[in-house]
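Residue numbers (our numbering): 11 to 395. Heads up, the beta-carbon is just placed ideally off N, CA and C, and yes, glycines get one too. Read through the structure below, which is laid out as structure tokens, and then see the notes.
See below:
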């Protein structure tokens with residue numbers, strides 16, 4: 011899991027409040043536009059028109075037609091949200107958080123779109139192959155396939171997916187590397203390497219992660235972190251990441267995501283059958299013009315579950331914080347690193363309760379620092395007694 015900050019020890023600066031407020035509005039606008047596009051495709055019947063174009067272009071070859079349909083759907087969605095994406099690029103520059111020029115940003119956008127297209131086509135082919143093979147239990151078969159894929163992508167992410175967008179190299183600081191590997195060994199994590207993450211080519215923010223599964227498990231440290239944080243502070247941040255390993259948060263997260271995906275496929279099956287057999291919106295389940303409805307149902311379910319999932323994530327972060335404090339000599343580096351992250355990443359230091367409930371997967375940093383301070387006092391008191 012990635013160590014991300016959401017607040018600091020003092021009150022929010024006006025700049026941080028403004029940045030986060032605009033960022034939230036931008037995310038909401040993109041979500042609304044995406045949902046509106048799906049609803050419009052269904053309400054106007056344009057999804058059927060796209061299907062007919064795809065079938066004509068593929069000369070009625072089903073799998074090829076499905077590929078063309080997903081490509082058109084992805085292109086349409088990107089065209090609708092591209093303006094907001096560009097505004098997000100400008101926003102990062104406006105608040106001096108980005109080092110990326112327009113050409114590099116556009117190239118990343120193109121790579122992200124093509125990667126999304128490949129994954130989207132792959133997912134759609136699996137779903138509709140399951141529908142054609144097992145129309146009564148397609149959703150269960152598709153869920154099983156997606157569960158395998160979730161684990162697979164979690165394993166290959168650091169060696170295949172992340173390098174598409176970022177550069178990595180083995181950490182050159184041998185002393186820090188040995189220190190972090192030893193910290194991982196004490197946590198029972200078999201780390202396969204420690205890598206410097208060239209984040210500064212794109213962003214001025216700092217970050218770190220323990221990523222991958224099995225033989226791809228590795229520590230990645232942003233160069234922006236290495237340049238501005240002491241070894242003790244970096245150790246405290248990594249100790250937090252290792253807390254996720256100790257408490258098996260990654261495996262639990264996969265299990266929770268599997269449950270959410272199961273519910274999403276089940277709900278999509280119910281709605282699709284209602285649309286076909288009660289409303290007669292589509293002729294059959296295998297009519298891939300119903301794909302926007304499937305995406306809409308699963309996305310709405312994820313949106314409804316987001317506050318509960320965020321609350322669970324905040325609980326996990328508190329457990330990881332506690333492990334960090336317990337596994338390091340001093341809590342002070344954790345406190346100073348949190349303050350630095352809040353300032354460097356322009357994070358909200360004290361979000362409102364409703365903002366935290368709806369948007370934050372991490373507890374406010376101000377609260378985390380207070381908890382760390384109280385832990386340090388209790389440790390000091392126990393030692394003095």
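Query - Own chain, CB closer than 7 angstroms to residue 117, minus 5 neighbours either side, in chain order - result: Counting only Cβ-Cβ distances below 7 angstroms, and skipping sequence neighbours, we find nothing.
Query raised in the report: If you scan the segment 174-251 from start to end, which runs of the beta strand (DSSP E) of 3 or more residues do you find wholly inside it?
Result: Here the runs fully enclosed are 178-180, 204-207, 218-221, 228-232.
Query raised in the report: Does DSSP put residue 2 in a helix, a strand or coil?
Result: Shown here, the chain extends from 11 to 395; a query on residue 2 therefore has no answer.
Query raised in the report: When the Cα atoms are used, what is the spatial distance from residue 246 to residue 310?
Result: Taking the straight line joining both Cα atoms gives about 37 angstroms.
Query - Helix, strand or coil at residue 308 [DSSP, three-state] - result: DSSP places residue 308 in helix when its eight states are reduced to three.
Query raised in the report: Alpha carbon to alpha carbon, how far is residue 125 from residue 185?
Result: So the alpha carbons of these two residues sit roughly 37 angstroms apart.
Query raised in the report: Over what stretch of residues does the alpha helix (DSSP H) that includes residue 279 continue unbroken?
Result: For residue 279, the uninterrupted alpha helix (DSSP H) segment begins and ends at 259-287.
Query raised in the report: Who pairs with residue 108 in a beta bridge, going by DSSP?
Result: For residue 108, which the question treats as bridged, DSSP gives the partners 213.
Report task. Tell me whether residue 348 is buried or exposed, calling it buried when 16 or more other Cβ atoms sit within 10 Å of its Cβ. Result -> With 16 or more Cβ atoms within 10 Å of its Cβ, residue 348 is classed as buried.
Query raised in the report: Under the rule that 16 or more other beta-carbon atoms within 10 Å means buried, what is residue 173, buried or exposed?
Result: Residue 173 comes out exposed.
**Report entry** Nearest-angstrom beta carbon gap, residue 382 and residue 331 [assumed within contact, 8 angstroms]
**Finding:** Confirmed, Cβ separation roughly 7 angstroms.
Query raised in the report: So what does DSSP say about residue 14, is it helix, strand or coil?
Result: Note that residue 14 scores 40 on pLDDT, short of 50, meaning its location in the model is unreliable; the coordinates nonetheless yield the value given after this. Reduced to three states, the DSSP call for residue 14 is coil.
**Report entry** Span separating the alpha-carbon of residue 224 from that of residue 67
**Finding:** C-alpha of residue 224 to C-alpha of residue 67: approximately 43 angstroms in a straight line.
**Report entry** Cβ neighbour criterion (16 or more within 10 Å) applied to residue 111
**Finding:** Classification of residue 111: exposed, given that the 10 Å Cβ count is below 16.
Requested in this report: Since I believe residue 356 is in contact with residue 107 (beta carbons under 8 angstroms), could you give me their beta-carbon distance rounded to a whole number of angstroms?
Outcome: About 6 angstroms; that satisfies the 8 angstroms criterion.
Query raised in the report: If you drop the 5 nearest sequence neighbours on each side, which residues of the same chain put their C-beta closer than 6 angstroms to that of residue 57?
Result: Once the five neighbours on either side are set aside, the close Cβ partners of residue 57 are 51, 299, 302.
Query raised in the report: When the Cβ atoms of the segment 320-337 are set against those of the segment 248-257, are three or more pairs found closer than 8 angstroms?
Result: Yes, they touch.
Requested in this report: Kindly list the residues whose CB is nearer than 7 angstroms to the CB of residue 151, restricted to its own chain and excluding five residues on each side of it in sequence; keep chain order.
Outcome: Taken in chain order, the residues that qualify are 140, 144.
Query raised in the report: Counting along the chain, where does the alpha helix (DSSP H) carrying residue 158 start and finish?
Result: Boundaries of the alpha helix (DSSP H) around residue 158: 148-166.
Query raised in the report: What did DSSP end up calling residue 339 once you bin it into helix, strand or coil?
Result: Coil.
Report task. Could you round the C-beta distance between residue 208 and residue 187 to whole angstroms and report it? I think they count as a contact, below 8 angstroms. Result -> The C-beta distance from residue 208 to residue 187 rounds to 17 angstroms, too long to meet the 8 angstroms contact threshold.
Query - residue 274 versus residue 307: straight-line alpha-carbon distance, rounded - result: One Cα belongs to residue 274, the other to residue 307, and the distance between them is close to 7 angstroms.
Requested in this report: Grab me the residues of residue 213's own chain with a C-beta within less than 8 angstroms of its C-beta, minus the 5 sequence neighbours each way, in chain order.
Outcome: Only 102, 107, 108, 109, 110, 234 meet the Cβ criterion.
Query raised in the report: With C-beta atoms as the reference, is residue 354 less than 8 angstroms away from residue 241?
Result: Here residue 354 is not near residue 241, since their CB atoms are 8 angstroms or more apart.
Query raised in the report: Hey, does residue 160 have any beta-carbon neighbour from chain D nearer than 8 angstroms?
Result: Although the question refers to chain D, the structure presented lacks it and comprises just one protein chain.
Requested in this report: Would you mind reading off the limits of the alpha helix (DSSP H) that contains residue 45?
Outcome: Residue range 24-54 is occupied by the alpha helix (DSSP H) that includes residue 45.
Query raised in the report: For residue 167, which of 128, 121, 221 has the nearest alpha-carbon?
Result: Of the candidates 128, 121, 221, the one whose C-alpha sits nearest the C-alpha of residue 167 is 221.
Query raised in the report: Taking C-alpha atoms, which residue in 192, 28, 53 lies nearest to residue 289?
Result: Residue 289 has its Cα closest to that of 53, out of 192, 28, 53.
**Report entry** Buried/exposed call for residue 396, threshold 16 Cβ in 10 Å
**Finding:** An answer regarding residue 396 cannot be provided, because it is not within the stretch 11 to 395 covered by the chain.
Requested in this report: Kindly list the residues whose CB is nearer than 7 angstroms to the CB of residue 149, restricted to its own chain and excluding five residues on each side of it in sequence; keep chain order.
Outcome: Cβ neighbours of residue 149 beyond the five flanking positions: 275, 276, 278, 279.
Query raised in the report: For residue 117, which three-state DSSP category applies?
Result: Here residue 117 sits in helix by DSSP.
Report task. Leaving out five residues on either side along the sequence, give the residues of the same chain with a beta carbon under 7 angstroms from the beta carbon of residue 12. Result -> For residue 12, the predicted structure reports a pLDDT of 42, less than 50, and the residue's modelled location is therefore unreliable. A value from the coordinates is still provided. Counting only Cβ-Cβ distances below 7 angstroms, and skipping sequence neighbours, we find 217, 219.
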